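Protein chains in written order, with my numbering: chain A, 1 to 223; chain B, 224 to 446.
Glycine included, each C-beta is placed from N, C-alpha and C at the ideal position.
Values in this document were obtained by computation on a predicted structure and should not be read as measured data.
A short write-up of the structure that comes next.
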DNA sequence: CTCTTTCATGTCACATTGACGAGAATCGGC
DNA sequence: GCCGATTCTCGTCAATGTGACATGAAAGAG
């Protein structure tokens, strides 16, 4: 067919919000190129795998999370001729949005993986900086016109928690009252849980679950 | 490195608006798989090429257009194990937006290429239907919040022509007066040409050039 | 019991939008 | 040369969404 063949890898930008800080899962490389540097979790696509399947498999291996209920989408592909010293490797970046995990993780596949605040991430192996930047920008954009912020939340959550997601991802502050009006007036975004309340320090908040709506019309603007 | 290698191709969704109809450039295949069927223009990535360079080269070969001033972006990658009977081929879809070309083309690379109204396109070779659908959807979305509609237009154009682009891409009708107010009130979208006017059948229209603005705030909604 | 904190609801000015009216400038036909 | 059709351009008005801000409701801390 053609002589110039590529190895194909999937790399994952896995985003979550931990204690109000947008964070991503990174692994410290234990093998040949860029040894010891931080990189996105990822791996080569197996012979009979499709891209999204491969990304889902990597996600499970790194976090133990299955895709059910979570969000995983393709970002973009990177194939600069010199991006990998071993030869021609095309990497398909993916974006995963997950809720704050109970524990980072223990004896999983890549034990060297941990969460890092996105704002503090410096240089990464390969061209993973660019992929991470693309993932963060995509997430920021998608919060504007979709209901995806809820995928960062546990199954039941308050409006404050949801607002915290927006503030962490966007790096801005939002007016609690206007935010509440916006999300509660958007049909299908939030379904109130059976009168349950939770508590922190002030008045208890109503708990919600995700609604069926996926898009936000009109969008939530961040200016 | 790994045994499972891929051939990597770029495929192009080239969109334009011809006589008020959103159209795409397709080629009739003259070789082995899917011989005789319609397909997106594209080809394999050369040994030292990056993806966007490869797509730009294909665009030149198919249309004679250089990228200067036009729009070319990556869409997504497709790598289902059985998408190509010859073996594992990963295709990186790209989207190009071009103005209505003076002539389809003549003795260029793929002489079998021609413009087809998007609405009338049936089944395509490989999984090119999906790529085309993704390209059209991306173009529709981008008209909402960017000034990219102008890339469909010649260097100088009227507000009516621009509105025709929106109507063709979205398949809707827009109020001429509200549309005019919207685009002329958006700073940096349109720069009025030195008082020139054009003509069709009614009152002559002001000619504009593209401004420097790339995003639309607030966006143009299509409902 | 009062203060503080956070949730929840409401008000008001302002900008944008959608629907529409009407004048300005051209052309084709009589 | 006049008339009507056509299209560009500007303007009006009500409805809607947003930003800024006040205020009440429901908890815990001292």
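Go ahead and label residue i buried or exposed: buried means 16 or more other beta carbons lie within 10 angstroms of its beta carbon, across all protein chains shown.
i	result
residue 132 of chain A	buried
residue 163 of chain A	buried
residue 23 of chain A	buried
residue 142 of chain A	buried
residue 11 of chain A	buried
residue 62 of chain A	buried
residue 425 of chain B	exposed
residue 239 of chain B	buried
residue 444 of chain B	exposed
residue 135 of chain A	buried
residue 123 of chain A	exposed
residue 420 of chain B	exposed
residue 158 of chain A	buried
Taking only three categories from DSSP, how would you classify residue i?
i	result
residue 131 of chain A	helix
residue 199 of chain A	coil
residue 152 of chain A	helix
residue 98 of chain A	coil
residue 90 of chain A	strand
residue 162 of chain A	helix
residue 380 of chain B	strand
residue 396 of chain B	coil
residue 194 of chain A	strand
residue 143 of chain A	helix
residue 137 of chain A	helix
residue 168 of chain A	helix
residue 445 of chain B	coil
residue 303 of chain B	coil
residue 402 of chain B	helix
residue 212 of chain A	coil
residue 335 of chain B	coil
Compute the Euclidean distance between the alpha carbons of residue i and residue j, then round it to the nearest angstrom.
i	j	result
residue 138 of chain A	residue 422 of chain B	43 Å
residue 340 of chain B	residue 401 of chain B	28 Å
residue 324 of chain B	residue 217 of chain A	36 Å
residue 4 of chain A	residue 271 of chain B	9 Å
residue 373 of chain B	residue 319 of chain B	13 Å
residue 19 of chain A	residue 73 of chain A	25 Å
residue 321 of chain B	residue 413 of chain B	18 Å
residue 168 of chain A	residue 42 of chain A	25 Å
residue 403 of chain B	residue 429 of chain B	11 Å
residue 35 of chain A	residue 29 of chain A	5 Å
residue 336 of chain B	residue 248 of chain B	7 Å
residue 262 of chain B	residue 343 of chain B	14 Å
residue 269 of chain B	residue 193 of chain A	56 Å
residue 182 of chain A	residue 304 of chain B	44 Å
residue 164 of chain B	residue 267 of chain B	Look at the range of chain B in this structure, 224 to 446, and you will see that residue 164 of chain B is not part of it.
residue 219 of chain A	residue 399 of chain B	24 Å
residue 59 of chain A	residue 154 of chain A	18 Å
residue 255 of chain B	residue 315 of chain B	20 Å
residue 170 of chain A	residue 389 of chain B	30 Å
residue 250 of chain B	residue 352 of chain B	13 Å
residue 21 of chain A	residue 237 of chain B	41 Å
residue 409 of chain B	residue 367 of chain B	13 Å
residue 214 of chain A	residue 184 of chain A	14 Å
residue 292 of chain B	residue 161 of chain A	44 Å
residue 338 of chain B	residue 260 of chain B	15 Å
residue 427 of chain B	residue 208 of chain A	57 Å
residue 140 of chain A	residue 446 of chain B	22 Å
Since residue i contacts residue j with CB under 8 Å, what's their CB separation in whole angstroms?
i	j	result
residue 279 of chain B	residue 290 of chain B	5 Å
residue 6 of chain A	residue 86 of chain A	Going by Cβ atoms, the distance from residue 6 of chain A to residue 86 of chain A rounds to 12 Å, so no, they are not a contact pair.
residue 65 of chain A	residue 8 of chain A	The pair is not a contact, with the Cβ atoms about 23 Å apart (cut-off 8 Å).
residue 83 of chain A	residue 152 of chain A	Residue 83 of chain A to residue 152 of chain A, Cβ: 30 Å. No contact.
residue 50 of chain A	residue 302 of chain B	6 Å
residue 317 of chain B	residue 371 of chain B	15 Å between Cβ atoms; not a contact.
residue 181 of chain B	residue 411 of chain B	This structure gives no information on residue 181 of chain B, because the portion of chain B shown stretches from 224 to 446.
Please give the ranges of any alpha helix (DSSP H) in the segment 2–64 of chain A, keeping only runs that are unbroken, at least 4 residues long and fully inside the region. 51–63
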